[in-house]
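Trainee:
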Amino acid sequence: MDRKVAESLKEKDLFVHIGDAELRAAFPAENPTITALYDEITKKQRHLAKLKILSEKIAEREQQADVHALIADRERLKTHLQTLQSDNEEMKSLLKRKELDLEKAKKEVELKRKRNEEHLDMLKALEGVVEKREKERNEIKEKKMTFEATRAALEDVLAEKEAVAEDVQNCLVRDGKTIQELETYFKKLTKRVFDKQTEFDKMRVGRLPPNNNSVNKTSLVDRAKSDNATHVVSYSRNARMSKNSSA
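Structure representation (structure tokens):
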């Protein structure tokens with residue numbers, strides 16, 4: 016019970032006793048009604064005194080209970096405060112560790128970022144090299160295609176030249192055979208001319224001087240050789256013209 020409430024009850028009790036004394040002084044004691052009323056008041060006063068004592072005990076108990084409750088609450092609050100302080104210290108320690116981990120993570124991220132930038136630079140450089148190599152490869156490919164076309168054209172020209180050379184060789188072989196045949200024919204013709212000239216000289220042996228016979232014989236032989244050479248040249252020319260027209 017509150018102290019103010021207890022003091023208020025004491026004041027009321029004092030007023031009750033004062034009123035009781037005033038009643039005793041104001042009314043005669045031999046009156047039964049008053050006596051009964053007085054006894055009733057007395058009983059009420061005693062009951063009120065008991066209630067007062069009980070109220071004081073209850074107030075004291077409540078006060079003690081409040082004190083114990085306050086003490087218990089204080090202990091609980093103290094324990095809770097200690098727990099909070101301990102948790103706070105743990106949180107501070109955890110926060111510090113987290114800050115250290117965060118700083119370490121930031122450094123690792125920065126290092127990885129630098130490495131990534133280096134890798135990107137290397138990748139760009141490699142892409143440049145690859146692009147250059149690709150360009151060179153395309154140029155080489157174009158040159159190869161040009162070379163292949165040139166080689167094919169040269170092979171065609173070479174094949175034509177070889178065919179022409181083969182034709183020329185065949186012509187030379189044919190010309191060689193023709194020359195041999197003509198030489199044989201020339202020898203035979205020369206022999207025939209010489210024989211005819213000899214026979215003719217024998218027939219004219221008595222008419223012409225010796226020197227004239229020799230001159231005529233020589234002129235006939237030279238004329239035969241000239242005619243034979245003209246025939247050989249004409250034959251060779253015709254063979255070449257025939258070869259060129261066939262090519």
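With my numbering applied, the sequence shown corresponds to residues 16 to 262, in that order.
Each residue gets a CB set at the ideal place from its N, CA and C atoms; glycine is no exception.
#1: Which of the three DSSP states, helix, strand or coil, is assigned to residue 220?
#2: Just how far apart, CA to CA, sit residue 128 and residue 153?
#3: With a 10 Å radius around its C-beta and 16 neighbouring C-beta atoms as the bar for buried, classify residue 162 as buried or exposed.
#4: Where residue 60 and residue 93 are concerned, what is the direct C-alpha to C-alpha distance, given to the nearest angstrom?
#5: Nearest-angstrom Cα distance between residue 99 and residue 84?
#6: Can you have a look at residue 124 and say buried or exposed, based on whether 16 or more other CB atoms are within 10 angstroms of its CB?
#7: The ligand MG and residue 143: does the residue's C-beta get closer than 7 Å to at least one heavy atom of that ligand?
#8: Suppose the cutoff is 7 Å on Cβ atoms and the five residues either side in sequence are ignored; what does the same chain contact list for residue 97 look like?
#9: Please report how far the alpha carbon of residue 103 lies from the alpha carbon of residue 112, in whole angstroms.
#10: Alpha carbon to alpha carbon, how far is residue 164 from residue 194? Give it in angstroms, no decimals.
#11: Buried or exposed: where does residue 208 fall if 16 or more other Cβ atoms within 10 Å of its Cβ makes it buried?
#12: Quick check: what's the CA-CA separation for residue 214 versus residue 190?
#13: Residue 81 to residue 91, Cα distance in whole Å?
Mentor: Concretely, from the data shown:
#1: Taking the sequence shown and counting its residues from 1, one reaches residue 220 at position 205. It is coil, neither helix nor strand.
#2: One-based indexing of the sequence shown puts residue 128 at position 113. One-based indexing of the sequence shown puts residue 153 at position 138. The straight-line gap from Cα to Cα measures roughly 36 Å.
#3: Start at 1 with the first residue of the sequence shown, and residue 162 comes out as number 147. Looking at its Cβ environment, which holds fewer than 16 other Cβ atoms inside 10 Å, residue 162 is exposed.
#4: Residue mapping note: residue 60 aligns to position 45 of the sequence shown, counting from 1. Residue mapping note: residue 93 aligns to position 78 of the sequence shown, counting from 1. So the alpha carbons of these two residues sit roughly 47 Å apart.
#5: In the sequence shown, counting from the first residue as 1, residue 99 sits at position 84. In the sequence shown, counting from the first residue as 1, residue 84 sits at position 69. The alpha-carbon atoms of residue 99 and residue 84 are separated by roughly 21 Å.
#6: Here the question's residue 124 lines up with position 109 in the sequence shown. Classification of residue 124: exposed, given that the 10 Å Cβ count is below 16.
#7: The ligand content of the structure shown is nil, which means the ligand MG is not present either.
#8: Within the sequence shown, residue 97 is the residue found at index 82, counting from 1. Excluding residues within five positions, none has a Cβ falling inside 7 Å.
#9: The residue labelled residue 103 in the question sits at position 88 within the sequence shown. The residue labelled residue 112 in the question sits at position 97 within the sequence shown. The alpha-carbon atoms of residue 103 and residue 112 are separated by roughly 14 Å.
#10: Within the sequence shown, the letter at position 179 stands for residue 194. Within the sequence shown, the letter at position 149 stands for residue 164. The straight-line gap from Cα to Cα measures roughly 43 Å.
#11: Residue numbering aside, residue 208 sits at position 193 when the sequence shown is read from its first letter. Flag for residue 208 reads buried.
#12: In the sequence shown, counting from the first residue as 1, residue 214 sits at position 199. In the sequence shown, counting from the first residue as 1, residue 190 sits at position 175. In this structure, the straight-line span from the alpha carbon of residue 214 to that of residue 190 is close to 34 Å.
#13: If you number the sequence shown from 1, residue 81 lands on position 66. If you number the sequence shown from 1, residue 91 lands on position 76. Distance between the alpha carbons of residue 81 and residue 91: 15 Å.
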